[in-house]
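Numbering (UniProt numbering), first residue to last: 1 to 238. For reference, the structure is listed below as structure tokens.
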Amino acid sequence: MTRNSVLLVCGWCGPLTLAVTLAGWLIAGVLPFPLGPSNSPDEVTAFYGSGMHVSIGFAVATIGISLVVPLVGAISHLMLTGSREARLLSLVQLVSGSVTAVMLLVPMLIMAVAAFRPARSPELTVLLNDLAWLLFIPPVAPFIIQNLAIAASALRDPRSPIPRWVGYLNCWIGFTFTFDVLALVFHRGPFTWNGVLIFWLALTTYSVFLLAMGLLVRQRAIEDAADVPAADDVGLTV
Numbered sequence: 001m002t003r004n005s006v007l008l009v010c011g012w013c014g015p016l017t018l019a020v021t022l023a024g025w026l027i028a029g030v031l032p033f034p035l036g037p038s039n040s041p042d043e044v045t046a047f048y049g050s051g052m053h054v055s056i057g058f059a060v061a062t063i064g065i066s067l068v069v070p071l072v073g074a075i076s077h078l079m080l081t082g083s084r085e086a087r088l089l090s091l092v093q094l095v096s097g098s099v100t101a102v103m104l105l106v107p108m109l110i111m112a113v114a115a116f117r118p119a120r121s122p123e124l125t126v127l128l129n130d131l132a133w134l135l136f137i138p139p140v141a142p143f144i145i146q147n148l149a150i151a152a153s154a155l156r157d158p159r160s161p162i163p164r165w166v167g168y169l170n171c172w173i174g175f176t177f178t179f180d181v182l183a184l185v186f187h188r189g190p191f192t193w194n195g196v197l198i199f200w201l202a203l204t205t206y207s208v209f210l211l212a213m214g215l216l217v218r219q220r221a222i223e224d225a226a227d228v229p230a231a232d233d234v235g236l237t238v
């Protein structure tokens with residue numbers, strides 16, 4: 001086991017979050033065509049009552065989304081360079097990233113509840129579906145704050161191990177999520193919760209975030225392991 005094996009595992013949690021969550025959505029049938037606000041109650045009820053695979057898929061998705069937590073912790077670990085500003089930004093990233101993880105996890109659990117008893121009244125199923133999607137998409141402020149904290153660390157701290165291009169990338173990703181609050185308003189078109197400029201843009205840029213930050217953490221873990229010899233290599237004197 002390498003010196004920074006824990007940090008290395010945390011880095012791999014970025015791509016794993018994406019892979020496991022997408023697998024769960026594919027199993028449940030969320031992808032490639034997620035339900036939208038314009039779907040009829042019969043269509044919503046038919047989706048959640050289509051079989052046990054729906055519940056299994058959401059169970060898998062909850063595991064996948066939870067894997068982002070180690071990545072959030074690893075990013076905060078990298079941001080701790082010693083300055084007071086770095087400590088503050090690291091804390092902001094940790095808290096906002098953790099809140100984001102919870103806000104992504106809870107809607108999956110609500111969808112799982114909707115699929116658990118598909119024979120309930122269509123009105124209740126539609127209510128649960130609306131609640132899940134409107135909790136999942138529009139509350140983007142914590143994630144944008146997380147992006148800005150990472151960007152500030154990369155762009156303001158000369159000792160930050162986060163390169164400047166990652167800072168600019170997080171600024172761009174945060175900007176793409178500003179549209180998501182419009183999902184609270186629109187029932188049709190590109191600004192609905194399953195629209196091109198809401199769901200698909202957010203899915204694309206969040207995937208970029210998970211891959212970029214996961215690979216960055218992994219790279220820093222490999223570099224640290226190469227730079228700092230393990231205790232067994234240097235020996236211990238009494």
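Just so it is clear, CB atoms sit at the ideal spot from N, CA and C, and this is done for glycine as well. Please read all numbers here as calculations on a predicted model, not as lab measurements.
Exposed unless 16 or more other CB atoms sit within 10 angstroms - verdict on residue i
{"i": "Phe175", "result": "exposed"}
{"i": "Pro163", "result": "exposed"}
{"i": "Ser121", "result": "exposed"}
{"i": "Asp180", "result": "buried"}
{"i": "Met79", "result": "buried"}
{"i": "Tyr206", "result": "buried"}
{"i": "Ser5", "result": "exposed"}
{"i": "Ala154", "result": "buried"}
{"i": "Gly97", "result": "buried"}
{"i": "Phe116", "result": "exposed"}
{"i": "Thr19", "result": "Checking the sequence shown, residue 19 turns out to be Ala, not Thr. Its Cβ having fewer than 16 others within 10 Å, Ala19 is exposed."}
{"i": "Ala119", "result": "exposed"}
Pairwise C-alpha distance: residue j and residue i
{"i": "Leu124", "j": "Gly49", "result": "13 Å"}
{"i": "Thr204", "j": "Gly189", "result": "18 Å"}
{"i": "Val234", "j": "Ala74", "result": "Any reading at Val234 must be qualified, since the residue scores a pLDDT of 40, below 50, and its modelled position is unreliable; the value itself is stated next. Cα to Cα, Val234 sits roughly 26 Å from Ala74."}
{"i": "Val72", "j": "Val217", "result": "10 Å"}
{"i": "Pro158", "j": "Leu131", "result": "43 Å"}
{"i": "Leu184", "j": "Val166", "result": "30 Å"}
{"i": "Ala101", "j": "Trp12", "result": "17 Å"}
{"i": "Gly14", "j": "Met213", "result": "7 Å"}
{"i": "Val92", "j": "Ser66", "result": "19 Å"}
{"i": "Leu169", "j": "Ala151", "result": "8 Å"}
{"i": "Trp133", "j": "Val69", "result": "21 Å"}
{"i": "Gln219", "j": "Ser76", "result": "15 Å"}
{"i": "Thr17", "j": "Gly64", "result": "5 Å"}
{"i": "Ala225", "j": "Leu8", "result": "10 Å"}
{"i": "Phe47", "j": "Ser90", "result": "41 Å"}
{"i": "Thr192", "j": "Glu223", "result": "43 Å"}
Near the ligand SAH: residue i beta-carbon under 7 Å from a heavy atom
{"i": "Pro34", "result": "What this structure holds is no ligand at all, so the ligand SAH is not there to describe."}
For residue i, the three-state DSSP class (helix, strand or coil)
{"i": "Leu71", "result": "helix"}
{"i": "Ser55", "result": "helix"}
{"i": "Ile63", "result": "helix"}
{"i": "Val217", "result": "helix"}
{"i": "Leu80", "result": "coil"}
{"i": "Val99", "result": "helix"}
{"i": "Thr176", "result": "helix"}
{"i": "Leu37", "result": "In the sequence as displayed, the identity of residue 37 is Pro instead of Leu. Here Pro37 sits in coil by DSSP."}
{"i": "Asp224", "result": "helix"}
{"i": "Arg120", "result": "coil"}
Member of the options whose CA lies at the smallest distance from the CA of residue i
{"i": "Leu26", "options": "Leu7, Cys10 and His53", "result": "His53"}
{"i": "Thr62", "options": "Leu88, Met108 and Ser76", "result": "Met108"}
{"i": "Ala141", "options": "Val99, Arg156 and Leu128", "result": "Val99"}
{"i": "Asn39", "options": "Val113, Asn129, Ala86 and Ile198", "result": "Asn129"}
{"i": "residue 241", "options": "Arg156, Ala115, Phe58 and Asp224", "result": "Since the first residue shown for the chain is 1 and the last is 238, residue 241 is missing from the structure and cannot be characterised."}
{"i": "Ala114", "options": "Thr81, Val208 and Leu127", "result": "Leu127"}
{"i": "Asn194", "options": "Pro34, Val9, Ile173 and Ile56", "result": "Pro34"}
{"i": "Val196", "options": "Leu210, Phe177, Gly29 and Val208", "result": "Phe177"}
{"i": "Phe143", "options": "Leu210, Ala221 and Ala119", "result": "Leu210"}
{"i": "Phe136", "options": "Leu104, Ala112 and Arg117", "result": "Leu104"}
{"i": "Ile56", "options": "Ala86, Ala23 and Leu8", "result": "Ala23"}
{"i": "Ala86", "options": "Val60, Pro161 and Pro41", "result": "Pro161"}
{"i": "Phe58", "options": "Ile198, Ile110, Ala221 and Pro41", "result": "Ile110"}
{"i": "Asn147", "options": "Val95, Ala112 and Asp227", "result": "Val95"}
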